[in-house]
Amino acid sequence: MSFLDLRSLTKRFGDISAVEDFSLSVAKGEFVSLLGPSGCGKTTTLQMIAGFINPTSGSMILNGKNLAAIPARARGLGIVFQTYALFPHMTVAENVGFGLEMRKVPKAERKRRVAEALDLVHLSHLTDRHPQAMSGGQRQRVALGRALVIQPELLLLDEPLSNLDAKLRDEMRLELRRIHKEAGVTTLLVTHDQDEAMALSDRVAVMRQGRLEQVDTPFEAYEGPRSTFISGFLGKTNTLRGDLLETTESGSRFRREGLILDGPVAHHIPGPVEVCLRPERIDLVEADEALVSGIVSERIFLGNQWLFRVDTPLGELMICRRNRGRREAEPGETVHLSWKPEHLRILPVEVQG
Amino acid sequence: MSVFSSSAARPWLLSGPALALFASLLVTPIVMTVLLSFREFSFYGGISDTLGLSNYIEILGDGYFYEIFLRTFLIALGTTVLCVLLGVPEAYFIHRMGPLWRSMMLLVVLGPLLISVVVRTLGWAILLGNKGVINDLLTRMELIERPLKMMYTSGGIVLALTHVMIPFMILAVWASLQRQDPDSERAAESLGAGPVTVFLRVVLPQCVPGILSGSLIVFSLSASAFATPAILGGRRVKVVSTTVYDEFLNTLNWPLGAAIAVLLLVSIMTIMVAWTRLVERRHGEALQ
Ligand SMILES: Nc1ncnc2c1ncn2[C@@H]1O[C@H](COP(=O)(O)OP(=O)(O)OP(=O)(O)O)[C@@H](O)[C@H]1O
Ligand SMILES: [Mg+2]
Chain U
1 MSFLDLRSLT KRFGDISAVE DFSLSVAKGE FVSLLGPSGC GKTTTLQMIA
51 GFINPTSGSM ILNGKNLAAI PARARGLGIV FQTYALFPHM TVAENVGFGL
101 EMRKVPKAER KRRVAEALDL VHLSHLTDRH PQAMSGGQRQ RVALGRALVI
151 QPELLLLDEP LSNLDAKLRD EMRLELRRIH KEAGVTTLLV THDQDEAMAL
201 SDRVAVMRQG RLEQVDTPFE AYEGPRSTFI SGFLGKTNTL RGDLLETTES
251 GSRFRREGLI LDGPVAHHIP GPVEVCLRPE RIDLVEADEA LVSGIVSERI
301 FLGNQWLFRV DTPLGELMIC RRNRGRREAE PGETVHLSWK PEHLRILPVE
351 VQG
Chain A
354 MSVFSSSAAR PWLLSGPALA LFASLLVTPI VMTVLLSFRE FSFYGGISDT
404 LGLSNYIEIL GDGYFYEIFL RTFLIALGTT VLCVLLGVPE AYFIHRMGPL
454 WRSMMLLVVL GPLLISVVVR TLGWAILLGN KGVINDLLTR MELIERPLKM
504 MYTSGGIVLA LTHVMIPFMI LAVWASLQRQ DPDSERAAES LGAGPVTVFL
554 RVVLPQCVPG ILSGSLIVFS LSASAFATPA ILGGRRVKVV STTVYDEFLN
604 TLNWPLGAAI AVLLLVSIMT IMVAWTRLVE RRHGEALQ
């Protein structure tokens with residue numbers, strides 16, 4: 001029995017279809033991320049659940065209640081907006097207490113719960129500050145505290161970390177995890193940052209052009225992407241177009257640029273396919289063990305790892321190597337590449353819409 | 354050449370022409386007026402060369418002038434209050450409209466600024482007169498027996514001034530509404546606030562700077578307005594600016610007129626500064 005149940009949710013703005021046939025079930029206490037590129041309908045989906053946009057069709061059930069029948073102000077959801085949308089004329093405590101005031105919670109209890117919420121987001125020392133006099137990370141915590149203090153059944157976060165710089169974003173990511181654990185509230189996070197989605201969520205829901213493409217745990221989605229789009233969106237990937245020749249019990253064979261390669265067990269009909277290979281799954285080996293050799297065309301140092309582009313008979317391949325503090329191949333050098341067949345992923349050819 | 358390369362002098366050089374224009378066109382007349390206000394006037398001898406405080410003593414010792422000043426500021430205050438009461442909701446409604454309606458309504462609000470104040474005030478005279486449109490209508494509907502007195506009253510002046518001044522209030526409030534995060538209204542709604550609470554607790558407080566600056570503009574412009582009180586008040590409802598006009602052009606007592614004008618300037622500035630201080634102290638931290 002799912003806690004939040006979205007069924008065939010659809011929103012059209014005139015001719016534009018922002019969200020199309022979106023169905024998702026979320027369990028109580030679960031943390032789910034809506035992930036997708038800009039303009040794919042994430043915010044629209046969230047705003048429909050929040051009640052600020054009316055769906056064109058479809059249903060939304062939260063804890064057995066039909067959300068469509070309840071106005072936004074009575075849904076009792078905690079929402080953190082991308083801009084935080086704090087009330088600039090109120091102090092931190094007044095901001096956080098606003099929702100309780102609206103619920104006519106008595107003053108003494110309100111004070112206690114505000115203090116608890118501020119404790120949770122580690123802001124107890126800034127109770128009387130105004131939002132203007134705070135840093136981005138602190139504002140973000142106020143927004144979280146304000147949303148959590150009303151003990152919402154569902155917490156909706158719209159790219160809450162996108163306005164922060166990289167270091168603060170990493171810190172707040174950990175904070176968000178801690179807060180989710182402590183508060184235990186069912187959470188829906190919108191983001192276009194795949195690292196964020198994978199680091200935080202129990203499941204990621206990848207959207208594309210208004211449609212839901214895949215819902216899985218971060219590991220399953222990364223390892224078993226259902227399309228080349230998802231493979232490319234969740235981390236880096238090499239995508240090769242090839243021809244599937246045959247599939248057997250133990251594996252498959254495909255052809256690319258005249259080379260015949262072994263692939264993993266596949267259930268596709270022989271013919272044109274896309275083959276995805278993660279850059280970190282490619283090993284550099286001696287010439288006699290190589291599946292293919294190529295010349296390094298570009299080398300990028302990223303601190304903890306190296307990124308190579310290698311021109312091979314298969315096409316250009318991207319390779320990731322952990323930095324072990326050793327000398328690595330220079331541009332122009334010949335390298336020999338190998339990988340295990342099960343690390344390839346065979347996917348149907350993407351039909352361009 | 355060295356003058357141009359010195360970076361300290363450059364701003365002064367660049368703003369020099371504008372400063373000169375400003376000084377000659379604004380500061381000079383004010384200084385001249387202040388000087389004039391200290392001279393003495395006799396009916397036969399004209400303006401004397403001696404300086405003295407006699408004009409100020411005359412004004413401050415005469416209840417007639419107190420009455421005129423009081424009336425002027427009450428009219429300005431009434432106009433400001435009406436402009437806030439009408440202008441703030443109007444600005445909010447326009448703010449909430451769709452883009453097409455919004456630009457149309459802004460045009461409607463700002464359109465009157467393109468028409469001369471004199472013309473607009475004469476329009477009000479036609480409406481408000483004893484045989485004016487309103488009285489005519491009410492009499493014909495037999496709602497009143499004798500015409501309501503609206504011309505030559507402070508109320509009539511306040512009404513017409515509000516019409517003249519309200520665009521300034523709407524523009525000021527509109528600007529502060531534009532600066533607000535539209536999501537803050539949604540945030541309040543998601544926390545359980547109804548539309549009225551959202552307006553009173555979230556939108557309105559964020560508009561305070563706009564209301565404040567709008568009030569300052571409306572108050573000072575109304576307190577020194579001339580055309581509207583001159584046409585709708587005539588000789589019977591005198592305000593400070595029409596009194597100054599009469600001293601200059603009818604009595605020909607220029608120094609007295611100048612002294613009244615200086616007092617008006619000083620009192621408007623005092624009120625503005627005090628008002629700003631008061632509001633800043635109350636909302637200081639939140640509105641910086
Ligand atoms: N009010 C509207 N009228 C018309 N089209 C709209 C409206 N709001 C959104 N859209 C369209 O719907 C699509 C989805 O928008 P949405 O804001 O949900 O994207 P998003 O996934 O949140 O993107 P981002 O990551 O950039 O925030 C976009 O193509 C957008 O242009
Ligand atoms: Mg968005």
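So the sequences go chain by chain: U and A.
Oh and the first sequence: position 322 is 322 in our numbering, straight run, nothing missing.
If you count the second sequence from 1, you need to add 353 to reach our numbering.
Ideal Cβ placement from N, Cα and C applies to all residues, glycine included.
- Listed in chain order, the positions of the region 63-79 of chain U with a beta carbon within less than 9 Å of a beta carbon of chain A are Pro71, Ala72, Arg73, Ala74, Arg75, Gly76, Leu77, Gly78 and Ile79.
- Taken in chain order, the whole alpha helix (DSSP H) runs of length 4 or more contained in the region 502-566 of chain A are 507-531 and 535-543.
- Between Ser227 of chain U and Glu257 of chain U, the alpha-carbon positions lie close to 22 Å from each other.
- With a minimum length of 4 residues, the unbroken runs of alpha helix (DSSP H) contained wholly in the region 369-448 of chain A fall at 381-390 and 407-413.
- Under the three-state reduction of DSSP output, Thr83 of chain U falls in the coil class, being neither helix nor strand.
- Beta-bridge partners of Ile295 of chain U (DSSP): U:Asp311 and U:Thr334.
- About 6 Å separates the CB atoms of Trp339 of chain U and Asp283 of chain U; that is less than 8 Å, so the two are in contact.
- Restricting attention to U:Lys111, U:Ile150, U:Gln132 and U:Asn63, the CA atom closest to the CA of Gly76 of chain U is found in U:Ile150.
- Contact annotation: the region 586-603 of chain A touches the region 417-434 of chain A, with at least three C-beta pairs closer than 8 Å.
- Collapsing the DSSP output to three states places Glu280 of chain U in a helix.
- At a cut-off of 9 Å between beta-carbon atoms, His125 of chain U makes no contact with chain A.
- Looking at the DSSP output, Asp158 of chain U sits in a beta bridge with U:Val190.
- Three or more pairs of CB atoms, one per stretch, sit closer than 8 Å, so the region 60-70 of chain U contacts the region 5-14 of chain U.
- Counted as a single uninterrupted DSSP element, the alpha helix (DSSP H) harbouring Met457 of chain A occupies residues Pro452 to Leu463.
- Comparing alpha-carbon positions, the option among U:Asn238, U:Leu86 and U:Thr248 lying closest to Glu274 of chain U turns out to be U:Asn238.
- Cβ-Cβ distances below 8 Å link Ser38 of chain U to His192 in the same chain, with the five nearest sequence neighbours on each side left out; the list follows chain order.
- Leu154 of chain U and Val556 of chain A have their C-alpha atoms spaced approximately 26 Å apart.
- Collapsing the DSSP output to three states places Gly137 of chain U in a helix.
- In the three-state reduction of the DSSP assignment, Ala69 of chain U falls in the helix class.
- Around the beta carbon of Ile300 of chain U, fewer than 16 other beta carbons sit within 10 angstroms, so the residue counts as exposed.
- Taken atom to atom, the span from the alpha-carbon of Lys484 of chain A to that of Ser469 of chain A is near 24 Å.
- In the three-state DSSP reduction, Glu328 of chain U falls in the coil class, being neither helix nor strand.
- Using a 10 angstroms sphere on the CB of Gln559 of chain A, the tally of other CB atoms reaches 16 or more, which defines it as buried.
- At a cut-off of 9 Å between beta carbons, Val526 of chain A makes no contact with chain U.
- Of all alpha-carbon atoms in U:Arg208, U:Asp170, U:Leu157 and U:Asn163, the one lying nearest the alpha-carbon of Leu188 of chain U is that of U:Leu157.
- Gly332 of chain U sits close to Val296 of chain U, with the two beta carbons spaced by under 9 Å.
- Arg588 of chain A sits in coil when the DSSP states are folded into three classes, being neither helix nor strand.
- With a threshold of 8 Å, the Cβ atom of Gly58 of chain U does not count as near ligand 1, since no heavy atom of the ligand is closer than that.
- For Gly545 of chain A, the neighbours in chain U by C-beta distance under 8 Å run, in chain order, Arg73, Ala74, Gly76, Gly99, Met102, Arg103 and Ile150.
- Taking Glu328 of chain U as the centre and dropping the five residues before and after it, the same chain places the C-beta of Trp306 closer than 6 Å to its C-beta, in chain order.
- Scanning its chain for C-beta atoms nearer than 6 Å, with the 5 sequence neighbours on each side dropped, one finds no residue around Ser250 of chain U.
- Straight through space, the alpha carbons of Ala361 of chain A and Leu372 of chain A are spaced by roughly 17 Å.
- Between Leu174 of chain U and Leu144 of chain U, the CB-CB gap reaches or exceeds 9 Å.
- Neighbours of Arg539 of chain A across chain U, judged by C-beta separation under 8 Å: Ala50, Phe52, Ala72, Ile79, Phe81 and Ala85.
- Looking only at U:Gly78, U:Gln194, U:Leu245 and U:Leu344, the smallest Cα-Cα distance to Gly271 of chain U is reached by U:Leu245.
- At least one C-beta of chain A is nearer than 9 Å to the C-beta of Pro88 of chain U.
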